[in-house]
Amino acid sequence: MVECVLVIAAPGQGAQTPGFLNAWLEVPGVADRLAWWSAVTGLDLIRYGTTADADEIRDTAVAQPLLVAAALAAYEALGITPDVTTGHSVGELAAAAIAGVISPESAMVLVRERGRAMAEAAAVTETGMTAVLGGDAEEVLAAIEKHGLTPANANGAGQVVAAGTKEQLAAFAEEPPAGARLRPLSVAGAFHTHHMAPAVDTLRRITPGMPVAAPVTRLLSNRDGAVVDHGPDFVARLVEQVSAPVRWDSCMATMADLGVTAIIELPPAGTLVGLVRRALPGVERVALKTPDDLDKARALIEETRAGDDTLENA
Numbered sequence: 000m001v002e003c004v005l006v007i008a009a010p011g012q013g014a015q016t017p018g019f020l021n022a023w024l025e026v027p028g029v030a031d032r033l034a035w036w037s038a039v040t041g042l043d044l045i046r047y048g049t050t051a052d053a054d055e056i057r058d059t060a061v062a063q064p065l066l067v068a069a070a071l072a073a074y075e076a077l078g079i080t081p082d083v084t085t086g087h088s089v090g091e092l093a094a095a096a097i098a099g100v101i102s103p104e105s106a107m108v109l110v111r112e113r114g115r116a117m118a119e120a121a122a123v124t125e126t127g128m129t130a131v132l133g134g135d136a137e138e139v140l141a142a143i144e145k146h147g148l149t150p151a152n153a154n155g156a157g158q159v160v161a162a163g164t165k166e167q168l169a170a171f172a173e174e175p176p177a178g179a180r181l182r183p184l185s186v187a188g189a190f191h192t193h194h195m196a197p198a199v200d201t202l203r204r205i206t207p208g209m210p211v212a213a214p215v216t217r218l219l220s221n222r223d224g225a226v227v228d229h230g231p232d233f234v235a236r237l238v239e240q241v242s243a244p245v246r247w248d249s250c251m252a253t254m255a256d257l258g259v260t261a262i263i264e265l266p267p268a269g270t271l272v273g274l275v276r277r278a279l280p281g282v283e284r285v286a287l288k289t290p291d292d293l294d295k296a297r298a299l300i301e302e303t304r305a306g307d308d309t310l311e312n313a
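Rendered as structure tokens:
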């Protein structure tokens, strides 16, 4: 018997696009939740998700709360409990709330402060991030190191994200690794590098007073792909992860070890299911791009779990 093991995953910064929340406001309850979380964060999340332009939502202090709010609102609308949850970078805060480690409101307060602190840290030096697609893995890492950059995201499926100063990235672009394509990312800083150390200090000061509980489902950490079963440990990892590389490749390796059979990516979806498609081709995938995809996700899980029941009763 093949057990259905479902992952629900939340994307990271750079996934946002102008107007991506427009259709979601038609889903009952979503606008109300976004209005409430707008009050929590002091940001007009509905406007940012509908009518704001690309430059406005590129702002780290805006993008991060917007992404976490979108993921949590869609998760509540979906109404499916996962067997495993995880997120990429800031998506880990949404995953922490899905797993019950922190409340949605705590997630929104934490992401508000995280976004502000990372934006302030990014303003100190002009920095950025560039995705490196393809090429020999060792040669890519050697080229990144040669130019003083950090492999800030190890995304698996032949993708690494290099981060550092604009000057370092420009030099890297002039001398790219053989066989690799470079794609600058729509982010406002060198996240998950030493440039974010001041933001880590900020989060260390504020998180000790945050209510934390044990996860109610398996929760994967970006640090090393580990299943973390202690709430305070996961929150400590969230804090330190701001200046440490994201190991999404390790998260996918753990998914394989756990026998994951399906993944649903919360909006603005597409990036993570794409990585899973290449790294774990046997896993069923649904990207919740619009509310029309909710029924598709529910049908996938119902069919898969119905198959489990059929096998059990055979």
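Taking numbering that gives the first Met the number 0, the leading residue of the sequence shown gets 0, the next gets one more, and so forth.
Just so it is clear, CB atoms sit at the ideal spot from N, CA and C, and this is done for glycine as well.
Computed from a predicted model, the values in this text were never measured in an experiment.
- Less than 8 Å separates the beta-carbon of Ala243 from that of His191.
- Look at Val108 here: in three-state DSSP terms it is helix.
- Between Ala252 and Ala268, the CB-CB gap reaches or exceeds 8 Å.
- Within the stretch 160-233, complete beta strand (DSSP E) segments of at least 3 residues are found at 179-183, given in chain order.
- DSSP places Arg284 within a strand segment (E or B) once states are collapsed to three.
- Between the stretch 2-15 and the stretch 73-88 there are three or more inter-stretch CB-CB distances shorter than 8 Å, so the stretches are counted as touching.
- In the same chain as Leu202, and ignoring 5 residues on each side of it, the C-beta atoms closer than 8 Å to its own belong to Leu109, Glu112, Arg113, Ala116, Leu237, Val238 and Val241, in chain order.
- Between Leu44 and Ala60, the gap from beta carbon to beta carbon reaches 8 Å or more.
- Excluding residues up to 5 positions away in sequence, Gly13, Gly127, Met128, Thr129, Ala130 and Val160 lie with their Cβ nearer than 8 Å to the Cβ of Leu184 in the same chain.
- Taken through DSSP and simplified to helix, strand or coil, Val241 comes out as coil.
- Contact annotation, Glu119 with Pro197: C-beta distance approximately 7 Å; criterion of less than 8 Å satisfied.
- By a beta-carbon distance limit of 8 Å, Ala76 contacts Val29. Their separation comes to about 6 Å.
- Val199 counts as buried, since no fewer than 16 other beta carbons sit within 10 angstroms of its beta carbon.
- Taking the CA atoms as reference points, Ala153 sits about 11 Å from Gly224.
- Contact between Glu25 and Pro280 is ruled out by a C-beta separation of about 34 Å, above the 8 Å threshold.
- Separation of Gly90 and Ala177 (C-alpha to C-alpha, rounded to the nearest whole angstrom) is 32 Å.
- Annotated three-state conformation of Val4 is coil, per DSSP.
- DSSP places Leu71 in the uninterrupted alpha helix (DSSP H) bounded by Thr59 to Leu77.
- Sixteen is the threshold: since fewer than 16 other Cβ atoms of the shown chains lie within 10 Å of the Cβ of Asn21, the residue is exposed.
- According to the DSSP secondary-structure assignment, Gln158 is paired through a beta bridge with Leu132 and Gly155.
- DSSP places Gly127 in the strand class (E or B) of the three-state scheme.
- Assignment of beta-bridge partners to Pro150 by DSSP yields Ala161.
- In the three-state reduction of the DSSP assignment, Ala120 falls in the helix class, which pools H, G and I.
- The Cβ atoms of Gly48 and Leu65 lie closer than 8 Å to each other.
- In this structure, DSSP gives Ala235 a helical state, which the three-state scheme calls helix.
- Counting only residues of its own chain and dropping the five nearest sequence neighbours on each side, Ala53 has a CB closer than 6 Å to the CB of Pro17.
- As a beta-bridge residue in DSSP terms, Thr84 pairs with Ile7 and Leu218.
- Taking all protein chains shown into account, Arg246 has 16 or more neighbouring C-beta atoms within 10 Å of its C-beta and is therefore buried.
- For Asp232 against Ala213, the beta-carbon gap comes to about 10 Å, at or over 8 Å, which does not count as contact.
- Around the beta carbon of Ala255, a 10 Å sphere encloses fewer than 16 other beta carbons of the protein chains shown; the residue is thus reported as exposed.
- Secondary structure at Ile143: helix, using DSSP grouped into helix, strand and coil.
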